[in-house]
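Every number in our numbering is 4 more than the matching position in the sequence shown, counting from 1.
Written below as structure tokens is the structure these notes are about.
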Amino acid sequence: MSKSTWLLLFIIAFAVGVAFRSVYNFGGAFSVFVVFLGVVFFFYYSLIRSNRRIVFHAALVTGVALFAVGFGMLRYDVTDMRQGNPALDQKTETHVVLQGVTIDEPDIRETHTKLLFKTPEGVKILLTAEHYPEFRYGDELVVRGTLQKPKNVVRDEEEPGRPFDYVAYLAKDNIHYQVFYPSIELVAHERGNPIKGFLFSLKHKMIENTARLLPEPHNSLLAGINFGVKQSLGEDLLGAFRETGIIHIVVLSGYNITIVAENVARGFQLLAPRFFGIGAAGATIIAFAVMTGAGATVVRACVMALLILLARATGRAYEITIALFVAGLGMLLWNPRTLMFDPSFQLSFLATLGLIQLAPRIEKYFGWMPTKLGLREAAIATISTQLFVLPLLIYMMGQVSLIAPVTNILVLPTIPYTMLFGFLAAALGFVSDAVAWPFALVSYILLDYELWIVKLFAELPFASI
């Protein structure tokens, strides 16, 4: 076995250990025992008991696999030891007064706003608040309300998809407490990271620039595509995006960034030489990560998207696949809960794997499709990612869009140009609306086309089942 094969064995076995520990908890002693068993099995049976090559390799593989599985379980055990705060645990279901800082942008929903709040002791608390008064990243607040532990919602048995483990979903980000509709007092602004605060502020000013030039819902769609800001689109339009299978272009997720990055790269290559196009796409991905605040989800997905570009630039799919697994290992070492409780990680990993492994293999079957406007490339990217993520999507959502391949082929080729002209309009809006207007006009035409496709196909019967 080659070194890369041994590495893949270790990574896969480590992930198996993490997945097993995510479901079953036999205690840290059991994890240590599995690690110790792997070490003993490797040394005793492979180095002392057997001189036969086949037995040696079997013992070596078993020992490495057991060690990695135990190590994965042990890493999860360490994460589990740090959950919650004993002092706050005693105050759950009681009225509390807490002081801290908002550490992320407000998540504005149709009926309420979610605020992620962190105390001086480092405890994260999810606040559900009214829309007004408005708060922003870095605000220091005094919160008065009933402290609660997150609970899973009991769902209808006939509802499609798997039950959503909301408690585990929050726990992956070390959130173990929440307060619903507290009394909130603003103490001061700009208590967060100044760089992150500046980037969030810049993003909102750019969205305001295009809001002066574009009507709704076009401006909200542009904000979703360029910055992952989807709240202003409304549930009806978001539902149409889901039914047509292109919700990924407006949701800040790993799958979104992966597939959009692929098409941005293709689009730039139509405008510039190969390596310049790949470089420009890479710069766009990094800029996207920075402008959205470089959260954990975005950073993970951008790393995977950059690996796709590297695979295209070098043509070495196998080596890049190894790099993808190594990147995944690093992410799991940092936060093992990501594997089972972060859909964004799961989808972005599978989508990236599909683009690296499957896309080059099926490209020869699409020679009949035109290359103009990137139609062939969009079809290849769509089929590759859909085949890899479809089983997981069906498992998670309980439904599938039957027209997703068609809508993706029709919409994705326009995304790079929408992003480019929309970004130019937003940036030039700082100079003059008159200077930005021609670029806004082009982006408006593209956005109008994308909205037309979504509304047209969403009205078809059996668009999703």
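The C-beta atom is built at its ideal place from N, Cα and C for all residues, glycine as well.
Here the structure is a predicted model, which is why all the values come from computation and not from measurement.
Would you report the Cα separation of residue i and residue j, rounded to the nearest angstrom?
i    : j    : result
F85  : R216 : The question names Phe, yet the displayed sequence has Met at residue 85. Those two C-alpha atoms are separated by around 50 Å.
A33  : L119 : 38 Å
K153 : N89  : 11 Å
N213 : L432 : 8 Å
H193 : L450 : 38 Å
V330 : P137 : 45 Å
V446 : P465 : 32 Å
A429 : Y448 : 10 Å
S205 : A287 : 21 Å
G126 : R195 : 14 Å
V68  : G42  : 6 Å
V254 : G228 : 4 Å
Y421 : W441 : 16 Å
Q390 : R246 : 14 Å
I199 : M308 : 24 Å
F443 : S388 : 32 Å
E172 : D346 : For the sequence presented, residue 172 should be read as Ala rather than Glu. So the alpha carbons of these two residues sit roughly 9 Å apart.
G358 : C306 : 16 Å
D108 : L218 : 27 Å
W10  : G31  : 28 Å
Q87  : V22  : 17 Å
A133 : V100 : 16 Å
F168 : V410 : 29 Å
I16  : F40  : 19 Å
V435 : M335 : 41 Å
Who are residue i's beta bridge partners in DSSP?
i    : result
S187 : R148
F425 : Answer by DSSP bridge pairing: none, since F425 is not bridged.
K200 : Looking at the DSSP assignment, K200 forms no beta bridge with any residue, so it has no partner.
H99  : T150
L131 : L119 and V183
F290 : A small correction: the amino acid at residue 290 is Ile; Phe does not occupy that position in the sequence shown. None, per the DSSP bridge assignment.
G104 : L145
D111 : K118
A192 : E144
If the criterion is Cβ atoms closer than 8 Å, does the pair residue i and residue j meet it?
i    : j    : result
A363 : I413 : no
K176 : N29  : no
V38  : L70  : yes
V20  : G74  : no
G232 : Y141 : no
T386 : L351 : no
L225 : L13  : no
S26  : L343 : yes
L406 : T356 : no
L333 : R79  : no
F427 : N230 : yes
F18  : A72  : yes
F473 : I112 : Nothing about residue 473 can be reported from this structure: the residues present for the chain run from 5 to 469 only.
I251 : L242 : yes
E114 : E239 : yes
R380 : P374 : yes
V157 : Y170 : yes
Report, in whole angstroms, the separation of the C-beta atoms of residue i and residue j, which I expect to be a contact under 8 Å.
i    : j    : result
G149 : Y181 : That belief does not hold up - the Cβ atoms of G149 and Y181 are roughly 11 Å apart, past 8 Å.
D452 : H222 : 7 Å
I360 : I324 : 6 Å
T96  : L131 : Contact doesn't hold; Cβ gap of about 15 Å is too wide.
A438 : T248 : Not confirmed; about 36 Å, so no contact.
I326 : S8   : 5 Å
F139 : T98  : In fact, because the Cβ distance is near 24 Å, the residues do not count as touching under 8 Å.
F47  : T66  : Not a contact, Cβ separation roughly 12 Å.
Note down, in chain order, each residue of its chain lying with its Cβ closer than 8 Å to the Cβ of residue i, except the 5 sequence neighbours on either side.
i    : result
Q103 : T123, P124, E144, L145, V146, V147 and V191
L314 : I324 and A327
R341 : S26, Y80, T83, A172, A175 and K176
V303 : A293
F425 : F443, A444, V446, S447 and L450
Leaving out five residues before and five after residue i in sequence, what residues of the same chain have Cβ atoms less than 7 Å from its Cβ?
i    : result
L354 : F392, V393 and L396
A244 : V458, K459 and A462
G371 : none
E189 : L145 and V146
Please return the same chain residues whose Cβ sits closer than 6 Å to the Cβ of residue i, not counting the five positions on each side in sequence.
i    : result
H135 : T117
L174 : P154
M210 : A430
N178 : K128
K368 : none
S187 : R148
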